[in-house]
Amino acid sequence: MPSLIQRYLAINFLPPFLLACGFFVTFLLTSQLFRLTSIVVNNGVDLGSVFELFGHIAISFLPMAVPLSALFATIITLNKLSEDSEIVAMRSFGMTKSMLLKPILIMGLIIAVAIFALNRNLIPYSKLLFRNTVIMLTSKGMTMNIQAGQFFTDVPNVILFAEQVSEQGQKLQDVFIQTEGEDGTESVIFAEKGVIIKQEFEGVGFPTLRLHLTNGNIVRTNKSGSDSEKILFKEYDFPLVAGGGQPGFITKDSMLSNSQLWKLIQNVKKTEKEDLNRIAKMEIEYWSRWNTPVQVLVFIFLGFGLGIKKGRGKAKNTSVLGLIVLILYYAAFFSGVSLAQKGIVPSWFVVFMPSVLALAFGIRSYQKLDWAS
Numbered sequence: 048m049p050s051l052i053q054r055y056l057a058i059n060f061l062p063p064f065l066l067a068c069g070f071f072v073t074f075l076l077t078s079q080l081f082r083l084t085s086i087v088v089n090n091g092v093d094l095g096s097v098f099e100l101f102g103h104i105a106i107s108f109l110p111m112a113v114p115l116s117a118l119f120a121t122i123i124t125l126n127k128l129s130e131d132s133e134i135v136a137m138r139s140f141g142m143t144k145s146m147l148l149k150p151i152l153i154m155g156l157i158i159a160v161a162i163f164a165l166n167r168n169l170i171p172y173s174k175l176l177f178r179n180t181v182i183m184l185t186s187k188g189m190t191m192n193i194q195a196g197q198f199f200t201d202v203p204n205v206i207l208f209a210e211q212v213s214e215q216g217q218k219l220q221d222v223f224i225q226t227e228g229e230d231g232t233e234s235v236i237f238a239e240k241g242v243i244i245k246q247e248f249e250g251v252g253f254p255t256l257r258l259h260l261t262n263g264n265i266v267r268t269n270k271s272g273s274d275s276e277k278i279l280f281k282e283y284d285f286p287l288v289a290g291g292g293q294p295g296f297i298t299k300d301s302m303l304s305n306s307q308l309w310k311l312i313q314n315v316k317k318t319e320k321e322d323l324n325r326i327a328k329m330e331i332e333y334w335s336r337w338n339t340p341v342q343v344l345v346f347i348f349l350g351f352g353l354g355i356k357k358g359r360g361k362a363k364n365t366s367v368l369g370l371i372v373l374i375l376y377y378a379a380f381f382s383g384v385s386l387a388q389k390g391i392v393p394s395w396f397v398v399f400m401p402s403v404l405a406l407a408f409g410i411r412s413y414q415k416l417d418w419a420s
């Protein structure tokens, strides 16, 4: 049974962790705020749907926010206890470093298990619902939002421009479309005329929208820009929203459960084994879900070594030092991603290598704690 002091440490860790988690999730939400505000205002979304959208996207940010929160919560908790001389008092009672670390590490283990469980199914499902809900709401008033002489970007990965727009956005003149596929191929489409055709499906809130183009051409360029082709057409249907079936009609790797993603990886390796870029992206997504709970524990251990101060007169800016470690951590990660996409190093190595380096730094910081003095 944990001692009173250990329970006290665990309780002191929880409020900074929850506040830090709320801060990081809110901060990450700002990246989507403009887009969501535009959708809400332009499509008259009700308040319940607004909260649902923000809830789904907030959940999707947890894998990034939770490890960061664990690091800074540990640093803040131990900084505060050090400044109030409570750490000194605990040491006078015979508390060792490991005894102080244990309750915080147990809290971290609980958090790690929880985020791993969420990452298996709930978080991918929230990403799926968020993306499809946005597309559904956007498609309802899409034709009303297309304006003459203005770039229309409500459809993901598509830029649409028309010199003239009539009949509430359904008929277009002198159309320009730029789109990018998942494999990095870029397509540019020019057409004299375009008509938006909307097909509703009974009982389903996800319509199909396609842009019927006449008299134009398509220029496709591969990712490297070294190869391109030009296609002339008299009539061409460009899909804006491909709905009509199930609520999950649009999926990405991050929207699949762990088991679904693993099966997809194995299938792609068999059928598209030459596509190293796609395989690397899927594997990085998969192994990152396993690395997130590891991050939580490593960052808590790292924060423990950084958070304990030697005394009132020997304060050190540990939060800045923690931030520097995070910058180096993600610099190592993103440097490895490019190597994995070229097939130089395995994806699992890229994902876990920064955590191993952070753990090594944490062990060094832990050993440097002058507990005897």
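Counting in my numbering, the sequence shown runs from 48 upward without gaps.
The beta-carbon is built from N, C-alpha and C at its ideal position, and this holds for glycine as well.
Exposure label - residue i; buried when at least 16 CB within 10 Å
i: R336; result: buried
i: T84; result: exposed
i: K174; result: buried
i: T339; result: buried
i: L165; result: buried
i: R178; result: buried
i: G250; result: The predicted position of G250 is uncertain, since its pLDDT is 43 and thus under 50; no value can be drawn from it.
i: G241; result: buried
i: L147; result: buried
i: Q414; result: exposed
i: P401; result: buried
i: D131; result: exposed
i: A362; result: Since pLDDT at A362 reaches only 46, below the 50 mark, its modelled position is unreliable, and no value is offered.
Same chain, Cβ closer than 6 Å to residue i, five either side skipped, listed in chain order
i: F208; result: F198 and F223
i: N324; result: Q388
i: M329; result: D300 and I312
i: F163; result: P340
i: D221; result: E210
Other residues of its chain near residue i: CB distance less than 8 Å, five sequence neighbours each side excluded
i: V72; result: A105, F108, L109 and A112
i: T180; result: S96, E99, L100 and H103
i: T452; result: Since the first residue shown for the chain is 48 and the last is 420, residue 452 is missing from the structure and cannot be characterised.
i: W309; result: Y333
i: G369; result: L118, F119, I122, L349, G350 and L353
Where residue i sits in the DSSP three-state scheme
i: L303; result: coil
i: G292; result: Low per-residue confidence applies at G292: pLDDT is 36, beneath 50, and the placement is therefore not dependable, though the value from the model is reported in the following sentence. Coil, per DSSP.
i: V202; result: coil
i: F348; result: helix
i: E330; result: helix
i: G241; result: strand
i: Q211; result: strand
i: E130; result: helix
i: E276; result: strand
i: I52; result: helix
i: I33; result: This structure leaves residue 33 out entirely; the chain is present only between 48 and 420.
i: K316; result: helix
i: V384; result: helix
i: T180; result: helix
i: N269; result: coil
i: K144; result: helix
i: N168; result: coil
Cβ-based neighbour list, residue i, same chain, cut-off 7 Å, excluding 5 preceding and 5 following
i: F408; result: L349 and V372
i: T365; result: I122, N126, L353 and G354
i: I170; result: I106, S107, L109 and P110
i: S275; result: V266, R267 and T268
i: G196; result: E210
Distance CB(residue i)-CB(residue j) smaller than 9 Å
i: I236; j: V212; result: no
i: I355; j: M154; result: no
i: I243; j: L219; result: yes
i: W334; j: F381; result: no
i: H259; j: L176; result: no
i: E39; j: Q225; result: Because the chain here runs from 48 to 420, residue 39 falls outside it and cannot be looked at.
i: A67; j: L128; result: no
i: A327; j: Y283; result: no
i: L416; j: V345; result: no
i: I331; j: V384; result: yes
i: Q79; j: K149; result: no
i: K7; j: N264; result: No information on residue 7 is available, as it lies outside the stretch 48 to 420 that the chain covers here.
Cβ-Cβ separation, residue j to residue i (assumed contact under 8 Å), whole Å
i: P63; j: A136; result: Actually they are not in contact, since the Cβ atoms of P63 and A136 sit about 20 Å apart, beyond 8 Å.
i: L287; j: R257; result: 6 Å
i: A117; j: V343; result: 5 Å
i: N314; j: R167; result: Incorrect: roughly 19 Å between the Cβ atoms, too far for contact.
Proximity test, Cβ basis, 9 Å: residue i and chain B
i: Y377; result: Included in the structure is just one protein chain, with no chain B present.
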